[in-house]
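Here is the structure we will look at.
2 protein chains.
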Amino acid sequence: MIIKDLEDIRNKIDDNDREIITLLKKRQDLVKQAAVAKKNLGLSAYSQDREAYVLSHCEELALENELPKGFLKDVMKRVLRESYKLCSGTDFNFPRMLKEDGDVVIVGGNGGMGRIFANYFENSGYKVFSFGHRGWDKAPEYLKSAKIVIVSVPIDITIDIIKKLSPMLREDQILCDFTSVKAPIVEAMMKYHKGPVLGLHPMFGPDVKSLVKQVVVTVPERDEKASEFLVEQLRIWGATICKCSAKEHDDAMAIIQALRHFSTYSYGTFLQKLAPDLEKLKSLSSPIYRLELMMVGRLFAQDPRLYADIIMSSKHNSDLIENFVNSIKAELEVVKNADVDTFTERFLKTRDFFGKFAEESLAESGSILAKLQDERK
Amino acid sequence: MIIKDLEDIRNKIDDNDREIITLLKKRQDLVKQAAVAKKNLGLSAYSQDREAYVLSHCEELALENELPKGFLKDVMKRVLRESYKLCSGTDFNFPRMLKEDGDVVIVGGNGGMGRIFANYFENSGYKVFSFGHRGWDKAPEYLKSAKIVIVSVPIDITIDIIKKLSPMLREDQILCDFTSVKAPIVEAMMKYHKGPVLGLHPMFGPDVKSLVKQVVVTVPERDEKASEFLVEQLRIWGATICKCSAKEHDDAMAIIQALRHFSTYSYGTFLQKLAPDLEKLKSLSSPIYRLELMMVGRLFAQDPRLYADIIMSSKHNSDLIENFVNSIKAELEVVKNADVDTFTERFLKTRDFFGKFAEESLAESGSILAKLQDERK
Chain A
0 MIIKDLEDIR NKIDDNDREI ITLLKKRQDL VKQAAVAKKN LGLSAYSQDR
50 EAYVLSHCEE LALENELPKG FLKDVMKRVL RESYKLCSGT DFNFPRMLKE
100 DGDVVIVGGN GGMGRIFANY FENSGYKVFS FGHRGWDKAP EYLKSAKIVI
150 VSVPIDITID IIKKLSPMLR EDQILCDFTS VKAPIVEAMM KYHKGPVLGL
200 HPMFGPDVKS LVKQVVVTVP ERDEKASEFL VEQLRIWGAT ICKCSAKEHD
250 DAMAIIQALR HFSTYSYGTF LQKLAPDLEK LKSLSSPIYR LELMMVGRLF
300 AQDPRLYADI IMSSKHNSDL IENFVNSIKA ELEVVKNADV DTFTERFLKT
350 RDFFGKFAEE SLAESGSILA KLQDERK
Chain B
0 MIIKDLEDIR NKIDDNDREI ITLLKKRQDL VKQAAVAKKN LGLSAYSQDR
50 EAYVLSHCEE LALENELPKG FLKDVMKRVL RESYKLCSGT DFNFPRMLKE
100 DGDVVIVGGN GGMGRIFANY FENSGYKVFS FGHRGWDKAP EYLKSAKIVI
150 VSVPIDITID IIKKLSPMLR EDQILCDFTS VKAPIVEAMM KYHKGPVLGL
200 HPMFGPDVKS LVKQVVVTVP ERDEKASEFL VEQLRIWGAT ICKCSAKEHD
250 DAMAIIQALR HFSTYSYGTF LQKLAPDLEK LKSLSSPIYR LELMMVGRLF
300 AQDPRLYADI IMSSKHNSDL IENFVNSIKA ELEVVKNADV DTFTERFLKT
350 RDFFGKFAEE SLAESGSILA KLQDERK
């Protein structure tokens with residue numbers, strides 16, 4: 000065996016890679032054709048059944064070719080993601096779910112979230128009028144033809160904007176908001192508007208490439224029937240709809256957002272005081288710790304104001320965080336006393352609480368950590 | 000446009016998928032040939048240069064085919080991971096770095112970690128003798144031909160095992176351990192053994208499929224030259240070597256393991272007390288929170304004893320955790336006072352501490368979150 004043999008094999012691999020990529024290109028072109036066909040048929044850009052079929056086809060081919068099915072599924076899921084991007088709000092036309100005339104007004108539509116939705120509405124045959132701080136003088140004119148009015152402004156001014164807007168609204172217009180706290184906002188919308196009220200909370204950031212599989216929480220508060228077409232429009236865009244009451248939403252968000260962000264923020268500020276050598280820490284890390292450190296690091300690349308708003312948005316949040324800190328203080332005692340028995344007892348109780356989610360998390364995070372490992376050099 | 004047209008396009012996509020997968024199979028076969036060639040040439044299973052070349056080739060082909068380069072790189076990295084699995088310790092033969100005679104003894108070699116390394120050593124031409132609780136009567140015989148002696152037992156009995164082993168060791172034998180705390184263990188090895196001492200800490204769990212890109216910390220404490228071949232052997236297996244002193248290692252691990260695990264454990268036990276509807280929580284989650292919840296859930300699927308050992312392994316850890324809890328208490332005051340200014344000030348200070356890592360984390364975690372989104376139905 001000489002080095003030349005290895006080089007020959009590698010050249011064959013390179014040629015093979017070229018062929019694979021040509022076929023991936025061909026696949027993208029076919030997907031674009033399928034997208035046009037779907038639009039003309041009034042179908043959603045995303046079909047759960049089709050995705051399930053493509054992945055099961057992969058499993059068959061894995062068996063045929065004696066390849067691990069997890070491998071082919073991972074590759075195909077990545078390919079599918081790229082296909083869904085071709086059907087995003089900027090590139091693709093969607094069927095319009097509102098059959099009568101009617102436009103869309105987005106107050107604060109020049110923000111990241113407003114822009115995404117403006118794109119989607121425009122590519123579904125709606126006229127969209129956006130305005131921010133400036134442009135209020137044109138509001139009465141914009142609102143004339145509007146069927147949907149969405150308030151997409153920072154949470155601390157949302158109620159003021161609703162108040163300011165309300166004298167210009169008609170009863171046939173659907174009033175919506177995008178804020179991350181629902182009870183007080185929905186209450187204000189009910190108070191100041193007489194027509195249909197639909198609270199919305201898109202559970203993603205303005206950096207998403209497509210709405211496929213993204214969660215949108217809906218809180219229908221008045222005349223749910225009137226806004227059915229709008230919820231259907233979100234579904235056609237590929238979103239997963241999660242309907243709940245304002246209280247259910249807010250209780251869950253106190254945990255999902257306020258408590259979790261507080262915990263991450265506190266870990267980060269403590270690390271800053273500790274000031275370890277970050278490079279050394281990273282080089283010594285297991286994949287799991289690199290991921291955890293990354294989850295902390297990413298928070299601090301974002302807007303402090305946004306996080307302060309979310310964490311401090313209610314007394315309920317602050318009480319929850321206080322309970323959390325008291326609970327941590329109790330866990331510190333366990334550690335100081337090296338009380339392995341209590342630690343184990345609480346650990347096992349928590350395992351029971353998580354149920355099968357614990358095992359599922361171990362499996363799924365394994366695949367995420369492997370991906371993180373792929374990125375290493 | 001009729002439904003038949005969409006079906007035709009989908010059939011073409013399925014045929015194309017079949018072709019792609021046939022080429023992926025061909026690639027795997029070529030990689031197996033390359034692996035044999037590399038072994039015969041005495042090369043490592045993993046070549047950083049080759050990986051860099053394959054990925055840059057992808058970039059070229061992305062440009063040629065007008066495909067997003069991030070997309071092709073993601074696909075190719077997943078393909079490369081599968082190739083590295085073909086070169087794991089169970090399936091592949093590696094060159095032997097110890098040129099003279101000499102075998103390997105692993106005390107506790109029937110545990111998960113011991114078994115992985117036993118596989119790798121055996122497939123690199125070493126005889127491996129493992130024993131646990133039982134089998135001590137055979138130890139003197141096993142040790143006769145040993146060059147490398149590795150202690151891979153739970154941390155609380157490691158020093159006892161070293162003591163028990165030491166009267167049977169010769170000065171030409173390299174003594175190693177796998178524990179997650181280095182200072183006291185390395186000290187014991189120095190005290191009870193007169194020959195070369197090399198502390199090792201593999202930064203991964205027994206579930207890894209291959210050592211490629213996995214970090215192994217090395218703490219050479221006596222006669223570093225004598226164990227050079229062993230470090231080289233780890234490199235040939237694909238591992239990333241991170242050399243440091245016992246103190247550097249332990250200080251970093253207090254943060255990487257003890258503090259982080261404590262924080263995750265405390266969050267989990269608090270959630271258990273709160274007892275929210277886990278299904279509702281998951282369905283309402285953004286990708287980032289699903290990932291965070293998964294990182295918490297996965298801990299509780301594992302062995303409480305292991306985590307108690309890591310968290311409570313030293314007074315240093317317990318002090319660090321106490322400081323952390325005090326720091327969290329101070330952050331609670333910020334929240335209770337809705338003190339946005341102090342929050343923002345600490346936030347920005349921490350952003351400075353993280354430096355470019357914050358932005359990098361935001362970008363890299365974006366790709367991880369997208370992968371998590373691929374998994375949704």
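If you read the protein sequences in the order shown, they are chains A and B.
So the first sequence is residues 0 to 376, counted in numbering that gives the first Met the number 0.
So the second sequence is residues 0 to 376, counted in numbering that gives the first Met the number 0.
C-beta: ideal position from N, C-alpha, C; glycine also.
Quantities reported herein were computed from a predicted structural model and do not represent experimental measurements.
In chain order, what residues of the same chain lie with their CB nearer than 8 Å to the CB of residue i, ignoring the 5 residues before and after it?
i                 : result
Ile-320 (chain A) : Ala-257, Leu-258, Phe-261, Ile-310
Gln-213 (chain A) : Pro-201, Met-202, Phe-203, Val-207, Gly-237, Ala-238, Thr-239
Phe-323 (chain B) : Leu-258, Phe-261, Ser-262
Determine, for residue i, whether the minimum Cβ-Cβ distance to residues of chain B falls below 9 Å.
i                 : result
Asn-15 (chain A)  : yes
Val-30 (chain A)  : yes
Arg-26 (chain A)  : yes
Asn-92 (chain A)  : no
Pro-286 (chain A) : yes
Val-230 (chain A) : no
Thr-263 (chain A) : yes
Thr-239 (chain A) : yes
Phe-128 (chain A) : no
Taking the straight line between their C-alpha atoms, what separation do you get for residue i and residue j?
i                 : j                 : result
Arg-17 (chain B)  : Asn-64 (chain A)  : 10 Å
Ile-1 (chain B)   : Ile-8 (chain B)   : 12 Å
Leu-331 (chain A) : Ala-117 (chain B) : 39 Å
Ile-161 (chain A) : Met-188 (chain A) : 7 Å
Ala-182 (chain B) : Pro-219 (chain B) : 12 Å
Pro-67 (chain A)  : Ile-184 (chain A) : 50 Å
Leu-380 (chain B) : Leu-270 (chain B) : No statement about residue 380 (chain B) is possible, as the shown extent of chain B runs from 0 to 376 and does not include it.
Glu-223 (chain A) : Leu-197 (chain A) : 8 Å
Cys-243 (chain A) : Val-230 (chain A) : 13 Å
Lys-335 (chain A) : Ala-337 (chain B) : 31 Å
Gln-144 (chain B) : Ala-369 (chain A) : Just to set this straight, residue 144 (chain B) is Ser in the shown sequence, not Gln. Looking at the two C-alpha atoms, the distance is approximately 37 Å.
Pro-195 (chain A) : Pro-139 (chain A) : 19 Å
Val-30 (chain B)  : Val-78 (chain A)  : 22 Å
Leu-142 (chain B) : Ile-115 (chain B) : 20 Å
Val-127 (chain B) : Phe-120 (chain B) : 7 Å
Ile-12 (chain A)  : Val-74 (chain A)  : 18 Å
Tell me which same chain residues have a C-beta within less than 7 Å of the C-beta of residue i, skipping the five on either side of it?
i                 : result
Gly-113 (chain A) : Ile-105, Gly-107, Ser-129, Ser-151
Asp-155 (chain B) : Asp-308
Tyr-191 (chain A) : Ile-161, Lys-162, Ser-165
Let's see if you can read the secondary structure: which residues bound the beta strand (DSSP E) around residue i?
i                 : result
Gly-198 (chain A) : 196-201
Lys-242 (chain B) : 239-242
Ile-173 (chain A) : 173-176
Quick one: give me the first and last residue of the alpha helix (DSSP H) that residue i is part of.
i                 : result
Leu-371 (chain B) : 355-374
Arg-49 (chain A)  : 47-64
Leu-23 (chain A)  : 2-39
Thr-263 (chain A) : 259-273
Glu-223 (chain B) : Per DSSP, Glu-223 (chain B) belongs to no alpha helix (DSSP H) and is neither H nor E.
Ser-82 (chain A)  : 68-85
Ala-182 (chain A) : 182-191
Leu-42 (chain A)  : No alpha helix (DSSP H) holds Leu-42 (chain A); DSSP gives it neither H nor E.
Ser-282 (chain B) : 277-282
Lys-246 (chain A) : 245-252
From the beta carbon of residue i, is the nearest beta carbon of chain A less than 9 Å away?
i                 : result
Thr-178 (chain B) : no
Thr-21 (chain B)  : yes
Ile-327 (chain B) : yes
Ala-357 (chain B) : yes
Cys-243 (chain B) : yes
Leu-66 (chain B)  : yes
Val-216 (chain B) : yes
Pro-153 (chain B) : no
Phe-272 (chain B) : Here residue 272 (chain B) turns out to be Lys, not Phe, going by the sequence shown. For Lys-272 (chain B), the answer is yes, since a Cβ of chain A falls inside 9 Å of its Cβ.
Pro-303 (chain B) : yes
Beta-carbon within less than 6 Å of residue i's beta-carbon, same chain only, minus the 5 sequence neighbours each way: which residues are those?
i                 : result
Gln-232 (chain B) : Met-96
Val-339 (chain A) : none
Ser-209 (chain A) : Tyr-83, Lys-84, Ser-87
Can you tell me whether residue i sits near the ligand GDP, meaning its C-beta is under 8 Å from at least one heavy atom of the ligand?
i                 : result
Val-106 (chain A) : Because no ligand of any kind appears in the structure shown, any question about the ligand GDP cannot be addressed here.
Checklist entry - Where in the stretch 99-168 of chain B do unbroken runs of the alpha helix (DSSP H), each at least 4 residues long, occur, reported from the N-terminal end onward? => result 111-121, 138-143, 154-164
Next on the checklist: In chain order, what are the residue ranges of uninterrupted alpha helix (DSSP H) at least 4 long that sit wholly in the stretch 295-366 of chain A?
Outcome noted: 303-310, 314-335, 339-353
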